[in-house]
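Note sheet for the following structure.
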Amino acid sequence: VSGADYFSTPNVVTTWPELDLRVRAQVDSINNGYAFLADKLNSFFFALNPSGSVQRLNLRVYRGAVVTYLSATFPTSQLGVRNWYRATYDAATGDVKFFTADGNLEVPAISDYVQLGTTQNTGANAIAVATNSFLAGAWGANFTSYPFDGDIYRSQVYNEIDGTTPVVDFTAGSYVSGSTLV
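My numbering applies: residue 17 is where the sequence shown begins, and numbers increase by one.
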(Lines of atoms letter the chains of each structure in order from A and count residues from 1; the text may use other names and numbers.)
(Lines give C-alpha, C1' and ligand atoms only; values in the text may rest on other atoms or scores of the structure.)
Protein backbone atom coordinates (compact mmCIF):
# COMPACT_ATOMS: atom_id res chain seq x y z
CA VAL A 1 0.00 0.00 0.00
CA SER A 2 1.56 3.28 -1.00
CA GLY A 3 0.74 6.89 -1.81
CA ALA A 4 -2.34 7.47 0.38
CA ASP A 5 -3.87 4.16 -0.70
CA TYR A 6 -5.26 1.70 1.84
CA PHE A 7 -6.78 -1.75 2.02
CA SER A 8 -9.87 -3.06 3.72
CA THR A 9 -11.15 -6.52 4.52
CA PRO A 10 -14.54 -7.83 5.57
CA ASN A 11 -15.29 -8.25 9.27
CA VAL A 12 -14.14 -11.77 10.18
CA VAL A 13 -14.07 -11.81 14.00
CA THR A 14 -16.65 -10.53 16.44
CA THR A 15 -14.87 -11.06 19.77
CA TRP A 16 -11.31 -10.31 20.84
CA PRO A 17 -10.08 -12.17 23.94
CA GLU A 18 -6.62 -10.90 23.03
CA LEU A 19 -5.26 -8.65 20.33
CA ASP A 20 -1.86 -8.92 18.62
CA LEU A 21 -1.27 -6.44 15.78
CA ARG A 22 1.88 -6.77 13.63
CA VAL A 23 2.65 -4.45 10.76
CA ARG A 24 5.71 -4.32 8.52
CA ALA A 25 5.86 -0.81 7.13
CA GLN A 26 8.00 2.08 6.06
CA VAL A 27 6.49 5.38 7.17
CA ASP A 28 7.97 8.27 5.19
CA SER A 29 6.10 11.10 6.90
CA ILE A 30 3.20 11.52 9.29
CA ASN A 31 0.24 13.57 8.07
CA ASN A 32 -2.06 15.36 10.53
CA GLY A 33 -0.52 13.56 13.51
CA TYR A 34 -1.12 9.88 12.66
CA ALA A 35 0.15 7.19 10.30
CA PHE A 36 -2.54 4.53 10.67
CA LEU A 37 -1.10 1.01 10.50
CA ALA A 38 -4.27 -0.97 11.35
CA ASP A 39 -7.81 0.06 12.22
CA LYS A 40 -11.09 -1.63 13.07
CA LEU A 41 -13.29 1.36 13.71
CA ASN A 42 -14.99 1.30 17.11
CA SER A 43 -12.90 -1.71 18.23
CA PHE A 44 -9.24 -0.64 18.01
CA PHE A 45 -6.61 1.21 16.01
CA PHE A 46 -2.83 1.04 15.81
CA ALA A 47 -0.87 4.03 14.56
CA LEU A 48 2.46 5.83 14.62
CA ASN A 49 2.34 9.42 15.77
CA PRO A 50 4.92 12.11 16.44
CA SER A 51 5.61 13.65 19.80
CA GLY A 52 7.97 16.56 19.20
CA SER A 53 11.26 15.25 17.81
CA VAL A 54 10.36 11.62 18.55
CA GLN A 55 7.67 9.13 17.60
CA ARG A 56 5.41 6.82 19.56
CA LEU A 57 3.28 3.86 18.71
CA ASN A 58 -0.36 4.47 19.62
CA LEU A 59 -2.90 1.75 20.40
CA ARG A 60 -6.48 2.82 21.04
CA VAL A 61 -8.87 0.21 22.39
CA TYR A 62 -12.62 0.71 22.55
CA ARG A 63 -13.75 -1.14 25.66
CA GLY A 64 -16.78 0.72 26.90
CA ALA A 65 -14.66 3.81 27.40
CA VAL A 66 -12.00 4.66 24.82
CA VAL A 67 -8.53 3.98 26.22
CA THR A 68 -5.38 5.17 24.46
CA TYR A 69 -1.97 3.64 25.12
CA LEU A 70 1.31 5.20 23.97
CA SER A 71 4.63 3.39 23.65
CA ALA A 72 7.95 4.67 24.87
CA THR A 73 9.37 7.17 22.41
CA PHE A 74 11.91 6.40 19.71
CA PRO A 75 13.80 8.79 17.41
CA THR A 76 12.31 10.41 14.33
CA SER A 77 15.14 8.80 12.35
CA GLN A 78 12.75 5.82 12.14
CA LEU A 79 10.95 7.68 9.33
CA GLY A 80 11.92 6.24 5.96
CA VAL A 81 13.08 2.97 7.56
CA ARG A 82 11.27 -0.33 7.07
CA ASN A 83 10.30 -1.80 10.48
CA TRP A 84 7.97 -4.25 12.09
CA TYR A 85 5.64 -2.54 14.57
CA ARG A 86 3.67 -4.62 17.06
CA ALA A 87 1.14 -4.01 19.85
CA THR A 88 -0.60 -6.53 22.10
CA TYR A 89 -3.61 -6.17 24.40
CA ASP A 90 -4.84 -8.88 26.78
CA ALA A 91 -8.51 -8.23 27.60
CA ALA A 92 -8.41 -10.59 30.61
CA THR A 93 -5.52 -8.80 32.36
CA GLY A 94 -5.49 -5.36 30.69
CA ASP A 95 -1.79 -5.70 29.81
CA VAL A 96 -0.59 -3.67 26.79
CA LYS A 97 2.86 -4.01 25.23
CA PHE A 98 4.56 -2.37 22.25
CA PHE A 99 7.39 -3.83 20.18
CA THR A 100 9.55 -3.28 17.11
CA ALA A 101 11.60 -5.70 15.02
CA ASP A 102 14.01 -5.45 12.10
CA GLY A 103 12.04 -4.65 8.96
CA ASN A 104 14.43 -6.70 6.82
CA LEU A 105 12.99 -9.87 8.37
CA GLU A 106 10.21 -11.33 6.24
CA VAL A 107 8.57 -13.18 9.13
CA PRO A 108 10.15 -12.33 12.49
CA ALA A 109 9.95 -14.84 15.32
CA ILE A 110 8.36 -13.61 18.54
CA SER A 111 11.89 -13.54 20.01
CA ASP A 112 12.98 -11.04 17.30
CA TYR A 113 10.68 -8.34 18.71
CA VAL A 114 12.11 -5.85 21.22
CA GLN A 115 9.66 -4.36 23.72
CA LEU A 116 9.41 -0.55 23.78
CA GLY A 117 9.11 0.54 27.39
CA THR A 118 7.30 -1.30 30.13
CA THR A 119 4.01 -3.18 30.19
CA GLN A 120 1.04 -0.83 30.65
CA ASN A 121 -2.23 -1.65 32.37
CA THR A 122 -5.40 0.35 33.02
CA GLY A 123 -7.48 -2.64 34.04
CA ALA A 124 -9.04 -5.59 32.29
CA ASN A 125 -11.94 -5.09 29.94
CA ALA A 126 -13.29 -6.65 26.74
CA ILE A 127 -12.67 -5.01 23.38
CA ALA A 128 -15.84 -3.62 21.85
CA VAL A 129 -17.44 -5.69 19.11
CA ALA A 130 -17.91 -3.85 15.81
CA THR A 131 -18.86 -4.98 12.32
CA ASN A 132 -16.59 -2.54 10.47
CA SER A 133 -13.94 -3.70 8.02
CA PHE A 134 -10.26 -3.88 8.92
CA LEU A 135 -8.15 -1.13 7.38
CA ALA A 136 -4.44 -0.56 6.94
CA GLY A 137 -3.16 2.81 5.83
CA ALA A 138 -6.39 4.60 6.76
CA TRP A 139 -8.71 5.47 9.62
CA GLY A 140 -12.27 4.19 9.25
CA ALA A 141 -13.94 7.35 10.53
CA ASN A 142 -12.49 9.41 7.66
CA PHE A 143 -10.40 7.71 4.97
CA THR A 144 -8.84 10.93 3.67
CA SER A 145 -8.04 12.76 6.94
CA TYR A 146 -4.79 10.91 7.57
CA PRO A 147 -3.29 9.84 4.25
CA PHE A 148 -0.65 7.17 4.70
CA ASP A 149 2.73 8.23 3.32
CA GLY A 150 4.97 5.21 2.90
CA ASP A 151 4.63 1.50 2.24
CA ILE A 152 2.84 -1.27 4.11
CA TYR A 153 4.40 -4.62 3.26
CA ARG A 154 2.35 -6.76 5.61
CA SER A 155 -0.39 -6.19 8.17
CA GLN A 156 -1.52 -8.97 10.49
CA VAL A 157 -4.23 -9.11 13.13
CA TYR A 158 -4.34 -12.01 15.60
CA ASN A 159 -7.00 -12.65 18.24
CA GLU A 160 -4.39 -14.29 20.50
CA ILE A 161 -1.07 -12.93 21.73
CA ASP A 162 1.93 -14.66 20.13
CA GLY A 163 -0.54 -16.38 17.82
CA THR A 164 0.50 -18.32 14.76
CA THR A 165 -2.65 -18.04 12.64
CA PRO A 166 -3.71 -14.48 11.84
CA VAL A 167 -7.34 -13.51 11.48
CA VAL A 168 -6.26 -10.95 8.87
CA ASP A 169 -3.02 -11.38 6.93
CA PHE A 170 -2.52 -8.75 4.26
CA THR A 171 0.58 -8.91 2.07
CA ALA A 172 1.38 -6.38 -0.62
CA GLY A 173 1.64 -9.14 -3.26
CA SER A 174 -2.05 -9.97 -2.81
CA TYR A 175 -3.26 -6.36 -3.02
CA VAL A 176 -4.77 -4.63 -6.05
CA SER A 177 -5.36 -0.89 -5.66
CA GLY A 178 -9.02 -0.06 -5.05
CA SER A 179 -9.98 -3.63 -4.23
CA THR A 180 -11.25 -5.27 -1.09
CA LEU A 181 -8.99 -8.03 0.23
CA VAL A 182 -11.02 -11.13 1.01
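In this text, a Cβ means the ideal position worked out from N, Cα and C, and glycines have one as well.
- Straight-line spacing of the CA atoms in Ala-54 and Thr-134 works out to 22 angstroms.
- With a threshold of 16 other beta carbon atoms within 10 Å, Gly-139 falls short and is exposed.
- Nearest to Thr-109 by C-alpha distance, out of Ile-143, Gln-131, Ser-127 and Pro-124, is Ile-143.
- According to the DSSP assignment, Ile-168 belongs to the beta strand (DSSP E) that extends over 165-174.
- DSSP, reduced to helix, strand and coil, places Thr-92 within a helical segment of the structure shown.
- Secondary structure of Asp-128 (DSSP, three-state): helix.
- In the DSSP assignment, Glu-34 is bridged to Asp-106.
- DSSP links Trp-155 through a beta bridge to no other residue.
- When secondary structure is reduced to three states using DSSP, Ala-63 falls in the strand class.
- Assigned with DSSP and collapsed to three states, Ala-140 falls in coil, not helix or strand.
- According to the DSSP assignment, Leu-75 belongs to the beta strand (DSSP E) that extends over 70-79.
- The beta-carbon separation of Leu-57 and Ala-157, rounded to 6 angstroms, stays under the 8 angstroms limit for a contact.
- Under the criterion of beta carbons closer than 8 angstroms, Asp-36 and Glu-176 qualify as touching, at roughly 7 angstroms.
- Judged by DSSP secondary structure, Leu-53 falls within the beta strand (DSSP E) whose first and last residues are 51-56.
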